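Just add 151 to wherever you are in the sequence shown, counting from 1, and you've got the numbering used here.
From the three backbone atoms N, C-alpha and C, an ideal C-beta is built for every residue, glycine too.
Owing to the predicted nature of the structure, the values given are computational and were not obtained by experimental measurement.
Some notes on the structure that comes next.
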Amino acid sequence: MAELKNELTWSFSRDRLFKDCRRAYFYHYYASWGGWNKSSDEFCQKAYLLKNMRNVDIWVGDIIHQILKWVIENKKAGNHCGLDEALTKAKQMLMRTWEQSRSKLWQKNIKQNLNLFEHYYGPELSRDDLAFKMTKVTKSIRNFYSSELFSSLSNISQENFLAVDELDFFDFSGVRMFAIPDFALKSSGQYILYDWKTGKPTDKDVLQLSCYILYAENKWAVSSDKISVVPVYLAMDEVLFKPVVPVDQPKVREYIENSIFEMRSVLTDKETNKISIDNCPKTKNEWSCKKCRFREICL
Ligand code: SF4
152 MAELKNELTW SFSRDRLFKD CRRAYFYHYY ASWGGWNKSS DEFCQKAYLL
202 KNMRNVDIWV GDIIHQILKW VIENKKAGNH CGLDEALTKA KQMLMRTWEQ
252 SRSKLWQKNI KQNLNLFEHY YGPELSRDDL AFKMTKVTKS IRNFYSSELF
302 SSLSNISQEN FLAVDELDFF DFSGVRMFAI PDFALKSSGQ YILYDWKTGK
352 PTDKDVLQLS CYILYAENKW AVSSDKISVV PVYLAMDEVL FKPVVPVDQP
402 KVREYIENSI FEMRSVLTDK ETNKISIDNC PKTKNEWSCK KCRFREICL
């Protein structure tokens, strides 16, 4: 098998980490590279372990995403999964993965088992906090089932289900740009990309979703006027579909080009994507450190 190469790639989350803390970016994208291999050094394996850690909000969001993916894929195949079935599956998933983390099953297999920040660093979640998170999962799934989008899925032909939560990429000026649209469908000649949100609307959503337009243009070779992106805020009292007015595409391109330029500027060898920790200073933002997965190795 060809050897895996650590290449400079671009994604919205990579850009966010780069801007949030250069040192965390170094640990995530460079120091952890190869840490899945037992022959790698101890620091690299530790960085890999920490990179794969999830905090409780990301964990809850992942479960909601997985359930919706399962529901939609079944719809695409012509099967209907009832709300009760979806809720039961979500609860089982929560309990199974919580137990993986609590009993440190990740020590045997990091990728296959959840490692929760709250178990690793503490403090552990109280019963009330955990119950609240469970409510968020239940509410989000219920809200999805009560939406018009869900009702309309039965009337969509298979070929118009374009993508369901799959990691994809395209070439952007010689750099792989990654995107994971949660759900994309074609309707009356329009390409609609939905993004499940389990938090509240933020200013960053618009830029992130504008990047999806770039992805969709490349993926389906359509012009941006035929593409809409819709964040769906699932955990509100009522599900909220809030179509965004995207940032102009030349501005999105310029943003990404600048971001790639900055990421390249911290490399010591641009050809081989080599970096030095000295080019990656620590953030001064204490709040970022408090919730950072890498704080154990960030001395
Ligand atoms: S602990 Fe703070 S400085 Fe260190 S990597 Fe994390 S966010 Fe950055």
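By the C-beta criterion, the segment 295-303 is judged not to be in contact with the segment 263-275, since fewer than 3 inter-stretch pairs fall below 8 angstroms.
Looking at the DSSP output, Phe321 sits in a beta bridge with Met328. Comparing alpha-carbon positions, the option among Ser379, Trp257, Glu250 lying closest to Tyr199 turns out to be Trp257. Distances from the CA of Glu447 to each of Trp187, Arg404, Lys197, Ser164 were compared; the closest alpha carbon is that of Lys197. Residue Cys431 holds the alpha-carbon nearest to the alpha-carbon of Lys170 among Ala282, Tyr181, Cys431. Runs of beta strand (DSSP E) with 3 or more residues, each lying fully within the segment 325-407, are found at 326-330, 334-338, 341-348, 378-384, listed in chain order.
Under DSSP, Ile426 forms a beta bridge with Leu418. Distances between the C-beta of Tyr178 and the heavy atoms of ligand 1 include at least one below 7 angstroms.
The straight-line gap separating the alpha-carbon atoms of Pro332 and Asp319 is approximately 8 angstroms. Shown here, Thr289 sits in a helix according to DSSP, grouped into three states. Judged by DSSP secondary structure, Phe194 falls within the alpha helix (DSSP H) whose first and last residues are 193-202. Thr434 sits in coil when the DSSP states are folded into three classes, being neither helix nor strand.
In the DSSP assignment, Ala241 falls within the unbroken alpha helix (DSSP H) covering 234-253. DSSP places Trp210 in the helix class (H, G or I) of the three-state scheme. A Cβ-Cβ distance of about 4 angstroms is found for the pair Asn311 and Lys337, placing them in contact under the 8 angstroms criterion. Non-local C-beta neighbours of Asp166 in its own chain, meaning closer than 6 angstroms and more than five positions away in sequence, comprise Ser410, ordered along the chain.
By the Cβ neighbour-count rule, Met246 is exposed, with fewer than 16 other Cβ atoms within 10 Å of its own. Your pair His270 and Arg253 checks out as a contact, with CB atoms roughly 6 angstroms apart and the cut at 8 angstroms. Around Tyr345, the same chain offers Asp333, Phe334, Val381, Val383 as residues with beta carbons nearer than 6 angstroms, after the five sequence neighbours per side are excluded.
DSSP places Phe312 in the uninterrupted beta strand (DSSP E) bounded by 312-315. Residue nearest to Leu234 within the set Asn157, Gln251, Ile215 is Ile215 (criterion: CA-CA distance). DSSP places Leu159 in the coil class of the three-state scheme, outside both helix and strand.
Take the alpha-carbon of Leu159 and the one of Arg327: they are about 8 angstroms apart. Between ligand 1 and Thr434, a heavy atom-to-CB distance of less than 7 angstroms is present. Note on geometry: alpha-carbon atoms of Thr289 and Leu238 lie some 6 angstroms from one another.
Under the 8 angstroms Cβ criterion, the segment 210-225 does not count as touching the segment 178-195, having fewer than three qualifying pairs. Rounded to the nearest whole angstrom, the CA to CA distance from Lys433 to Ala175 is 8 angstroms. Nearest to Trp438 by C-alpha distance, out of Ser162, Ser164, Cys172, Trp161, is Cys172. Around the CB of Ser291, 16 or more other CB atoms lie within 10 Å, so the residue is classed as buried. Taking Cys443 as the centre and dropping the five residues before and after it, the same chain places the C-beta of Cys172, Ala175, Cys449 closer than 8 angstroms to its C-beta, in chain order. At a threshold of 7 angstroms, Phe392 does not count as near ligand 1, since its beta carbon sits no closer than that to any of the ligand's heavy atoms.
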